[in-house]
Structures are given as C-alpha cells and as structure tokens.
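J.: Okay, here's the structure, questions in a sec.
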Amino acid sequence: MLTEPDDSPASASLLPFELLAKVFFEVRNAAQEKVEKEEAPGAARRKSYLRWVAVTHVCRAWQEIALNCPYLWSTIFVDNDSPVWIKEQLLRSNDMPLVIVADLNDLHSDLTAQMVTTDAEELVLKEIHRIRELRLVADRAKLEHLLCSPAPILTKLVLTFKISPAAYNHDAPRLMGDSDLPNSLFAGQIPSLSHLTISGVDYFRWDNPLFRSLTHFEISHHGVHGESTGMIAAMESMPLLEALTLKLPLLRIHPSLMVPDHTIDFPRLRHIHLQGTPTFCQVILDHLVFPEDTPIVLSVIANTTRLPAFVHALKLKSGIPSFLSVLSIDQPARSKKSSYNREVFRLQGWYGIQAGSIPWCENDLPPRIELQMVVSFGEDAHLQFINAFLREFASADLHTLRLSGAFVQPIRHWEQWFKCFPNVSTLHAVDLECTTPRSTIAQVLGPVGKGDEVDFLLPKLRSLGIGGFDLSRSMCQMALSYHADAFAKLLGTLRRRRECGMPIKELDLKECSYVGIWAVRRIAKVVPEIVIGEYLYNDDEGDASKAEHSNDEEVSEDQRDEGEEVDNSDDDEDEGEEVGEHEHDDDDSEVAG
0 MLTEPDDSPA
10 SASLLPFELL
20 AKVFFEVRNA
30 AQEKVEKEEA
40 PGAARRKSYL
50 RWVAVTHVCR
60 AWQEIALNCP
70 YLWSTIFVDN
80 DSPVWIKEQL
90 LRSNDMPLVI
100 VADLNDLHSD
110 LTAQMVTTDA
120 EELVLKEIHR
130 IRELRLVADR
140 AKLEHLLCSP
150 APILTKLVLT
160 FKISPAAYNH
170 DAPRLMGDSD
180 LPNSLFAGQI
190 PSLSHLTISG
200 VDYFRWDNPL
210 FRSLTHFEIS
220 HHGVHGESTG
230 MIAAMESMPL
240 LEALTLKLPL
250 LRIHPSLMVP
260 DHTIDFPRLR
270 HIHLQGTPTF
280 CQVILDHLVF
290 PEDTPIVLSV
300 IANTTRLPAF
310 VHALKLKSGI
320 PSFLSVLSID
330 QPARSKKSSY
340 NREVFRLQGW
350 YGIQAGSIPW
360 CENDLPPRIE
370 LQMVVSFGED
380 AHLQFINAFL
390 REFASADLHT
400 LRLSGAFVQP
410 IRHWEQWFKC
420 FPNVSTLHAV
430 DLECTTPRST
440 IAQVLGPVGK
450 GDEVDFLLPK
460 LRSLGIGGFD
470 LSRSMCQMAL
480 SYHADAFAKL
490 LGTLRRRREC
500 GMPIKELDLK
510 ECSYVGIWAV
520 RRIAKVVPEI
530 VIGEYLYNDD
540 EGDASKAEHS
550 NDEEVSEDQR
560 DEGEEVDNSD
570 DDEDEGEEVG
580 EHEHDDDDSE
590 VAG
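Number 47 in numbering that gives the first Met the number 0 belongs to position 48 of the sequence shown; there are no gaps in the numbering.
Next comes the structure, spelled out in structure tokens:
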C-alpha cells in the first residue's frame, strides 16, 4: 500500500552522538579484524581497511559525526595507492595516537612508485612520536632507515621479515643480512614498549634493547647461526612477562645452560609456547618458574638425544605425578578427507587436578601441557618418548586416555599404556584404520588367559570412543571388507567384558565416518548407551531387540578367545532382516557419523 512520503528526520539520524560513534567504532574494528586474517595485495587490503567508511555516507549527519571522531581515523594502512588518503587520515586523526600498518616490501615491488614510497617513509619518520602500534613488513635496511628516532608512546611492535623468492631457489643467491634484526632501532629509546612480535628473522642478539620490560614477547627464528648466549639474561629483564612464544627450531644451546645455576620467576606468566629441539625446550622449562596452572604448548623437533631429560622437565612442570588425570596422544588437525602425517603426533593433558576433586572433566578443560612432536623419517624418537614417559609417569592416577592408531600402531605399545594406567575409565581410540591389525583395540581390551584366570586390561573402563571404522555397509558388504573382522572382534570383546562384570557402559562412534543402523542395533545388545554424532542412540526396535536377546546362547571358549561373535538363531533372523533393509533402502540404513 502506497503512503505519502515522510519528510520528518530519519530516526537513525536522531540517535545520540556517543551511540553512533560507538557503532562506527565497532563496524571499523570488525572490518579491520577481518582484513588481518586475509592475505591480499596491498591495494586490496587498503580497500578492505576502508570499507567501513561507507557507513558514514548514509547521511550528512552521520558524516559530520564521523569527521568529529579522531579515533576513527587513527588506524592507517600504507600501500602504493594511498598517499593522498594517508594525509587526509592524518588530518582527521588530529593528535590521536596512531596505529600504522605498512608492507614496505610491496611499496618497492613497483618501480614506478618512487613518490609513494617517499610519502610512506616520511609518514613513519614524521609521526613516530605519536605511533602507539606499528605493524611493519620490511628488510633490515628499511628498518634501520625508518626506525631511527625514539618512540616515546610505542606500546606494540610487530615486525615481519618477508623472505624473498630467492630463498626458495637454490640456484639464486640470497643476500645475507636482509632478515637480521638490528640492535639500533628507535635509538634504543622505547620506554613504553610492552608487546613485541618478530617473525621471519634470520639472526638476532639477545642483548637487543627491544627485549626489555615486555609483557608479551614472541619471536620466530629460522636462521642456522643463532646463539643462546644471553638468552636467560634477556628474560631476566622481563619480570612482568605474561605471554612468551619462542619458535627457535635451529637455536644452538650453549653447554653452560644445560645445568641451570639459577631460575627466573615469572609470577604473571599465563601462556608459554616453545618450538625447538628437546634440549631447547628442556633448558627453558628448567630455568623458568611460573604458576602451576599456566598452559604450556610445545612443538618439538624430535630426535633421540636428551629425550629422557626433556620428559623429566615436563614432569617437574606438571606437578605431582598423581595430578596427571587426562592424557591425549593424537595427530593435529586430523581429517577424514586428508592423508595422515605419521611423522607428527600430539600429546596433551597435564591437568592440575587436586586430590578429592573430580578426576576428569567431560567437557575437556584446556590442556595444562600440549606437546606436538615432529619425528624425522626413519627415527624411533616417538617410541623412545613413550618409554621415557612411562618411566616418569607410571604412578600417575590417569582416568582419561586418548590414543591415536596412526601413532601407536604395534599392539605391544597399546599394552604398555594400558598396563601402566589401570585406573583409566574413559578411553578414546581414533585413527584405527591406521593400526596393524585393525582389530588391535579389540585384542588389547579382550580377555587375557583362559578359564578361571581370565583377566582384562583397563578393568575400570566404562566409556569407550572409537574412530576410523566404516560401519555404513550391510553385513554382506562388511563381510567382504577389511572392517568385518575388526568389527566382529570388537563385538566379541564388548560381550565378553559384560559377561565378566567389566562392561562398557558408553560407546562413542562420532569418529567413525558413517554408522549403519544394523551395526548400532547389534552393539546396543551389549552396550547401554551409544553416541552417534552428537546424539544418544535411542531406538525402540533396538531396545526391544536387546531385551529379547538378553538370554543369548553361550559362546564357546575358543571362539571367544579369537574375539569372534556367534549369534543365536534370533540374532541371525534379525541380521537377515537388517540386510534386507540395506539392500532395499540405503537411506534408512545409514546415520551420518
């Protein structure tokens, strides 16, 4: 229905000044945060940085409000096409502290942009006194030229050394020193600096004036000639440190650091991330003292040397061994669609659980220590790590255990873990398609011995999660696949544990690619609760079937020892019905895992 035009002022234009300014701030921040996560050429990034300006063009009132908010214009992105806009932003920002984002390598990639380059450099040189945050991509020469004056209010500095294409070309020479960190930046006068992030650097010295009085320190070093001399002294100059990230995979450790003569106390440290050799990680952990609940992330370039000492350092940082209640060994970023990297595994889960409290949490608290280890091809560092770990933590009261079949393949290693931690009540076994044989989990959880002397590993196990099986096929199809034997043995193990008074009360199938309803119904006869996806299995027919077959015929001892399942005639009849369902209606026979 058409109405007469409304000549009254729009309601949006009548909003209070402060409220509209707040809205503009949020729109601008959201747009710029999105740009930070994207990798795009300089011009495209600048346009994204300024996309929020369209909000101020809605009406004249909104534009006037935006122009009278200097803070809105205080974040400036420097690129080839923006000298005029940079000057305009400087005028609109008045005397507000600035945030400068500049990729000077992009500026020099265009030989026709000489004037633009000069404008960008002049911006940094002239406004250094009011730059609060500086994120800069450049080489050593540019850094020394631009950052030569004191920066009195600079609180956050992010420096990135962009590696040239020559670095990836073995036939092309690479200029040494392009990615070295100078010691003369800001003339050594940066009294307010608290956040420092440096990435891609080839060489640096620990006595650099930047490494003082920091609360957040992150540095990644990829050079082969880095030294650890002065590392501990540099950390002593950061007593207020709250977050520490050291990614120094090739750093050479001086022998004097192997036996710490003193430690450094960091009472405010709330996060630590180390990447390097076991020796490097051990040295840092030995020298630093921080709160017991501080999360530790370790990315270790594994070798067979110093592993026992490294594991011992982990134990000291994890508290009393009995506090270890949740442990996970798996592969990072696992995906059913991608191939598995057998050279990488992750260990996580030193939880500081106090005596008398709940031993494990269903919702998985953030891990106390997370370890990702890269093992060189052909080395057995991961097996040596297992042995060292078991020696250190054999007395731990572990309640939750997660293991990856891609990492712990031989059955004897599964048995090692299970024998050392008999109190485990929750077990997650993933990547079972990588184990040899695939029925490993059924074998190690199955009965040991015969007659009255039958025993089980993990006698307190009540919750089991498995992954890697394809249970989407009918019984006839399963019989022709390599999953059939493993599935049959798993059913036999679940049945036998129930008969011997050690039942699995919950089975989690979320990590299986697809789960057929026929498989779920057969498992439901021996396991009360089954989790598929994010749901508990609840099928009236399955429950009735389970009740009908509560008095299954006994299975012979020899068949049980082999882990095979023998069903009575009713089971076979059910199976035939289910196979028929699969042959006629695939949609009703599969539930997405």
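By construction, the Cβ of each residue, glycine as well, lies at the ideal position given by its N, Cα and C atoms.
Treat the numbers as computed from the prediction; the structure is a model and nothing was measured.
Starting from Glu143, trace the alpha helix (DSSP H) both ways and give me its first and last residue.
T.: By 1-based counting over the sequence shown, the position of residue 143 is 144. Note, Glu143: alpha helix (DSSP H), Arg139 to Leu145.
J.: So does the region 14 to 31 actually touch the region 77 to 96, counting three or more Cβ pairs closer than 8 Å?
T.: These segments do not touch.
J.: Given this structure, state the Cα-to-Cα distance separating Asp109 from Lys141, to the nearest angstrom.
T.: For the purposes of this step, residue 109 is identified with residue 110 of the sequence shown, where counting begins at 1. For the purposes of this step, residue 141 is identified with residue 142 of the sequence shown, where counting begins at 1. Residue placement at Asp109 is poorly supported in this model, since its pLDDT is 44, which falls under 50; the coordinates still yield a value, given next. C-alpha separation (whole angstroms): 16 Å.
J.: Who are the near neighbours of Glu143 in its chain, counting only those whose CB is closer than 8 Å to its CB and skipping five residues on each side?
T.: Within the sequence shown, numbered from 1, the residue matching residue 143 stands at position 144. Correct list, in chain order: Pro181, Ser183 and Leu184.
J.: Straight-line CA distance for Pro254 to Leu239?
T.: What you label residue 254 is simply residue 255 of the sequence shown in a count that begins at 1. What you label residue 239 is simply residue 240 of the sequence shown in a count that begins at 1. Roughly 28 Å between the two C-alpha positions.
J.: Is it true that the CB of Leu135 sits closer than 8 Å to the CB of Ala101?
T.: Along the sequence shown, one-based indexing puts residue 101 at 102. Along the sequence shown, one-based indexing puts residue 135 at 136. Yes, the Cβ-Cβ distance between Ala101 and Leu135 is below 8 Å.
J.: Here's a check: name, in chain order, each residue in its chain whose Cβ is nearer than 6 Å to the Cβ of Ser356, leaving out the five neighbours to either side.
T.: Locating residue 356 in the sequence shown gives position 357, counting from the first residue. For Ser356, the pLDDT reaches just 25, beneath the cut-off of 50, and the residue's location in the model is therefore unreliable, although a value from the coordinates is still provided. Answer for Ser356: no residue qualifies.
J.: For the alpha helix (DSSP H) that Thr439 lies in, which residues bound it at each end?
T.: Along the sequence shown, read from residue 1 onward, the residue named residue 439 stands at position 440. Looking at the DSSP string, the run of the alpha helix (DSSP H) that includes Thr439 is Thr439 to Leu444.
J.: From Glu291 to Ala428, what does the alpha carbon distance come to, in whole angstroms?
T.: Within the sequence shown, the letter at position 292 stands for residue 291. Within the sequence shown, the letter at position 429 stands for residue 428. Those two C-alpha atoms are separated by around 29 Å.
J.: Where do the ends of the alpha helix (DSSP H) carrying Val519 lie?
T.: As a first step, residue 519 is located in the sequence shown; it is residue number 520 there, counting from the start. First-last of the alpha helix (DSSP H) with Val519: Ile516 to Ile522.
J.: Please name the residue in Ile263, Asp138, Pro82 and Leu145 whose C-alpha comes closest to that of Ile127.
T.: Here residue 127 refers to the residue found at position 128 of the sequence shown. Of Ile263, Asp138, Pro82 and Leu145, the residue nearest in Cα terms is Leu145.
J.: Indicate the three-state DSSP secondary structure (helix, strand or coil) for Arg497 in the structure shown.
T.: What you label residue 497 is simply residue 498 of the sequence shown in a count that begins at 1. Three-state DSSP puts Arg497 in a helix.
J.: Buried or exposed: where does Thr262 fall if 16 or more other Cβ atoms within 10 Å of its Cβ makes it buried?
T.: The residue given as residue 262 occupies position 263 in the sequence shown. Thr262 is exposed by the Cβ-count criterion.
J.: Going by other Cβ atoms of all chains shown within 10 Å of its Cβ, with 16 needed for buried, is Cys58 buried or exposed?
T.: Position 59 of the sequence shown, counted from the start, is the residue given in the question as residue 58. Cys58 comes out exposed.
J.: Does Met230 pass the burial test, meaning 16 or more other C-beta atoms within 10 Å, or should it be called exposed?
T.: As a first step, residue 230 must be located in the sequence shown, where it is residue number 231. Met230 comes out buried.
J.: Run through the DSSP bridge pairs and tell me what Ala428 is partnered with.
T.: Position 429 of the sequence shown, counted from the start, is the residue given in the question as residue 428. Beta-bridge pairing links Ala428 to Leu402 and Ile465.
J.: Kindly indicate which three-state DSSP category Glu414 falls into: helix, strand or coil?
T.: Here residue 414 is taken as the residue at index 415 of the sequence shown, counted from 1. Glu414 falls in the helix class under three-state DSSP.
J.: Mark Val525 as exposed unless 16 or more other C-beta atoms lie within 10 angstroms of its C-beta, in which case mark it buried.
T.: Sequence index remark: in the sequence shown, residue 525 carries index 526 (1-based). Per the 10 Å Cβ criterion, buried.
J.: Let me know if Gln281 comes out buried or exposed under the rule of 16 or more other beta-carbons within 10 Å of its beta-carbon.
T.: Reading the sequence shown from its first residue, position 282 is the one you call residue 281. The residue in question, Gln281, is buried, as its Cβ has 16 or more Cβ neighbours within 10 Å.
J.: With the cut-off set at 8 Å, would you say His270 and Ala312 are in Cβ contact?
T.: The residue you call residue 270 lines up with position 271 of the sequence shown. The residue you call residue 312 lines up with position 313 of the sequence shown. No; because the gap between Cβ atoms is not below 8 Å, this pair is not in contact.
J.: Pick from Asp507, Pro277, Gly199 and Lys316: whose alpha carbon is nearest that of Ser298?
T.: Numbered from 1 along the sequence shown, position 299 holds the residue referred to as residue 298. For the residues Asp507, Pro277, Gly199 and Lys316, the minimum Cα distance to Ser298 belongs to Pro277.
J.: Which whole runs of the beta strand (DSSP E) in the region 255 to 318 are 3 residues long or more, in chain order?
T.: For the region 255 to 318, whole beta strand (DSSP E) runs of length 3 or above, ordered along the chain, are 270 to 275 and 295 to 301.
J.: What are the residues that DSSP puts in a beta bridge with His215?
T.: Within the sequence shown, the letter at position 216 stands for residue 215. For His215, which the question treats as bridged, DSSP gives the partners His194 and Ala242.
J.: Apart from the five residues just before and just after Asp94, which ones in its own chain have a Cβ nearer than 8 Å to its Cβ?
T.: Looking up residue 94 in the sequence shown gives position 95. Only Pro69 and Arg129 meet the Cβ criterion.
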